[in-house]
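For what it's worth, the UniProt record's numbering labels the leading residue of the sequence shown as 1, then goes sequentially. To start, the structure itself, in structure tokens.
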Amino acid sequence: MSNVASGRSLADWELAPAVDYIERVQRSDGLIPWYPDGPADPWDHVESAMGLSVADRHEAARRAYRWIADAQHEDGSLWATYGETDGDDGAHAGDEPRKETHRSAYVAVGVWHHYLCTGDRAFLETLWPTVRDALEFACAQQAATGEIYWTVGADGEVYEDALVAGCASIYKSLACGAAIAAELGHTDARERWLAARADLGAAIRERPDRFDRTWESKSRYAMDWFYPVLCGVLGGEPARQRLEAGMDRYLEEGLGCRCVADEPWVTVAESCELVVSLAAVGEAERAREIYEWLFQWTDDEGVFWTGYQFEDEEFWPGERPTWTGGAAVLAADALSGLSGAADLFTDPLPERE
């Protein structure tokens with residue numbers, strides 16, 4: 001295991017305000033919008049719920065996962081986004097209704113994470129059909145060359161192109177789904193998802209031509225740089241080399257990680273994910289140093305802003321996303337061993353067993 005505990009607690013990291021904010025923004029039906037009365041998306045919803053699990057806000061986390069089970073379509077998908085509402089009534093798909101594979105599949109990571117935090121087997125069994133159907137939806141969009149297509153339109157048409165970061169996220173989702181299947185004795189599903197994961201990993205590592213074929217390359221985004229490490233597609237020396245190769249391009253000393261290489265903007269969530277990626281390759285000291293920079297980007301209550309525009313010297317955009325707080329809690333967990341899920345990203349499962 002590459003996690004190196006520092007002996008610090010959630011309180012020591014001063015993360016209670018971030019967790020309180022997530023729980024305060026969560027709606028009564030369980031959905032966690034980006035900010036009060038704002039939009040939501042399933043991936044960031046799960047990221048926020050994971051923060052709740054680490055902080056022992058288990059009932060709030062369970063409500064978040066029940067929301068996914070209730071909202072899931074018959075084909076296992078979710079809408080990519082859910083529009084702004086005035087309350088719990090009237091939640092609707094965003095302005096461009098589509099079903100993104102990585103956003104639908106990420107529930108598997110959240111459910112396994114919550115189980116590692118709680119040992120709640122009844123929860124795992126209850127959410128199994130949701131996880132199963134979500135991963136089957138994603139696998140149904142896998143190309144013969146291994147990549148998993150980005151999205152399915154509201155009309156059922158598949159958009160036959162793939163995202164590096166999105167596919168890396170699905171790679172992690174398949175690993176967690178396989179772990180859930182093993183725990184519950186669903187051997188066929190486990191073997192099917194491990195095979196799909198192996199093909200997907202090979203595509204990410206060896207077939208760059210299969211990504212960003214119909215749109216401008218996303219390689220300027222930091223997520224494309226570190227997500228293959230964060231999600232376990234790369235490990236060991238190749239992972240360390242990949243991170244080292246991008247440091248000059250993405251990391252702003254004393255500030256954090258740029259969201260986009262050519263924009264003067266560091267973001268807390270991407271910085272936290274870089275922290276976890278560094279911890280995964282054994283660079284815990286460097287990871288902790290970067291993490292400690294990020295607490296300058298909080299408001300007076302201790303809630304994280306999205307990020308900081310360092311040319312204009314202002315917080316931008318002027319929002320405090322719930323998922324940013326979730327990412328901060330997960331980074332603290334990876335560094336300090338706060339929960340039973342602390343090694344989820346720093347000790348990835350093998351591709352085949």
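The beta-carbon is built from N, C-alpha and C at its ideal position, and this holds for glycine as well.
Subject >> Reduced DSSP secondary structure (H/G/I, E/B, other) of K172 >> reply: helix
Original post:
So the alpha helix (DSSP H) E206 belongs to, where does it begin and stop?
Top reply: 187-206
Original post:
Is there contact here, the stretch 273-282 with the stretch 319-333, by at least three beta-carbon pairs under 8 Å?
Top reply: yes
Subject >> Bounding residues of the beta strand (DSSP E) (the contiguous stretch that carries Y308) >> reply: 307-309
**OP:** Hey, could you find the ends of the beta strand (DSSP E) E100 is sitting in?
**Re:** 98-100
Original post:
Along the chain, where does the beta strand (DSSP E) that runs through V266 open and close?
Top reply: 265-267
**OP:** Examine the Cβ distances between the stretch 6-24 and the stretch 294-306 and report whether three or more of them are shorter than 8 Å.
**Re:** yes
Original post:
Looking at I68 and T101, is the spacing between their C-beta atoms short of 8 Å?
Top reply: no
**OP:** Decide if the stretch 307-319 is in contact with the stretch 180-200; the criterion is three or more beta carbon pairs, one per stretch, under 8 Å apart.
**Re:** no
**OP:** Give me the Cβ distance between S336 and R8, rounded to the nearest whole Å; I'm assuming they're in contact under 8 Å.
**Re:** 4 Å
Subject >> Cα-Cα separation between E157 and A342, rounded to whole angstroms >> reply: 39 Å
Subject >> N-terminal and C-terminal residue of the beta strand (DSSP E) that G153 is part of >> reply: 151-153
Original post:
Opposite T298 in the DSSP bridges: which residues?
Top reply: F304
**OP:** Kindly give me the distance between the Cβ atoms of V243 and V229, rounded to whole angstroms, as I take these residues to be in contact under 8 Å.
**Re:** In the sequence as presented, Val is not what sits at residue 243; that position holds Leu. Yes, they are in contact, since the Cβ atoms of L243 and V229 sit about 6 Å apart, within 8 Å.
Subject >> Nearest residue (CA-CA) to T145, options A203, F211, Y35 >> reply: A203
Original post:
Counting pairs of beta carbons, one from the stretch 107-126 and one from the stretch 171-186, are three or more of them closer than 8 Å?
Top reply: yes
Subject >> Near the ligand GTP: V109 beta-carbon under 7 Å from a heavy atom >> reply: This structure lacks the ligand GTP; in fact it carries no ligand of any kind.
Subject >> Cβ contact check for the stretch 111-121 and the stretch 164-171: 3 or more pairs under 8 Å >> reply: no
**OP:** Would you identify the three-state DSSP class for Q142, choosing helix, strand or coil?
**Re:** strand
Subject >> Contact check, T298 vs E319, beta carbons under 8 Å >> reply: no
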